[in-house]
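Below you'll find the structure, written out as C-alpha cells, and then a few comments.
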Amino acid sequence: MSSYDAIYSLVTDIPMGKVATYGQIAQLIGQPRHARQVGYALAATPDDLEIPWHRVVNASGEVSRRSEPGGDELQRSLLEGEGVVFDERDRVCLSRFQWQRWSEDA
DNA sequence: TTTATGGCTGTCA
DNA sequence: ATGACAGCCATAA
Numbered sequence: 163m164s165s166y167d168a169i170y171s172l173v174t175d176i177p178m179g180k181v182a183t184y185g186q187i188a189q190l191i192g193q194p195r196h197a198r199q200v201g202y203a204l205a206a207t208p209d210d211l212e213i214p215w216h217r218v219v220n221a222s223g224e225v226s227r228r229s230e231p232g233g234d235e236l237q238r239s240l241l242e243g244e245g246v247v248f249d250e251r252d253r254v255c256l257s258r259f260q261w262q263r264w265s266e267d268a
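Under this note's numbering, read the first sequence as residues 163 to 268, first letter to last.
Below is the structure:
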C-alpha cells in the first residue's frame, strides 16, 4: 500500500485524448500540495503497469523533463497518437484537452 | 534524524 | 511572454 495508489488509479482513469496536470491530480486525491509527489509517483511507475503517465503534463500544458533521455519525445508521441494536438510551443490546449473528472468528453 | 533531490506551482521582476 | 525564486513535501541515503 502507498499513497501512490490513489494517483495511479486517478491517472488510469484519464480517458484517451485527454490530459491532466500534476497539480490537478494532486488536488483530486485530496493533496493539493503534492503536485511534485505526483510526478515522482509517475516517475516510479513501472512499465509493467498500464498507466497512462504520458497523459499527465505540467500546469503549462507542456511535457515535463524527466530523468530518462528522449522520454519527453515519447510522451508527446503517445499523446499525439491519441489525438492530442500540440501547438507551435509544444504545449497542449488545456482549456480543450484537460480532463475533467466529473465531465465527459464533448 | 538530517540532507539532498526532484516529470511542480504560483508569484514577482 | 520568459526567467528567477521561493514554498511544498514524499522518498532515498
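From the three backbone atoms N, C-alpha and C, an ideal C-beta is built for every residue, glycine too.
The model shown is predicted, which means the values in this text are computed figures rather than measured ones.
Item                                                                                                                                                   : Value
Return the CA-CA distance between G201 and L241, expressed in angstroms with no decimal places.                                                        : 17 Å
Starting from the Cα of V225, find the closest Cα among E250, V254, A205, A206 and give me that residue.                                               : V254
For the segment 205-212 and the segment 186-195, state whether three or more C-beta atom pairs, one from each stretch, are separated by less than 8 Å. : no
Hey, is the segment 164-183 in contact with the segment 231-249, meaning 3+ C-beta pairs nearer than 8 Å?                                              : yes
What does the Cβ neighbour count give for W215, buried or exposed, with the cut at 16 atoms within 10 Å?                                               : buried
Assuming A203 contacts I169 under a Cβ cut-off of 8 Å, what Cβ separation, rounded to an integer in Å, is found between them?                          : 4 Å
In whole angstroms, what is the alpha-carbon distance linking R227 and W264?                                                                           : 29 Å
Between which two residues does the alpha helix (DSSP H) holding R270 run?                                                                             : The chain is shown from 163 up to 268; residue 270 falls before or after that span and cannot be answered.
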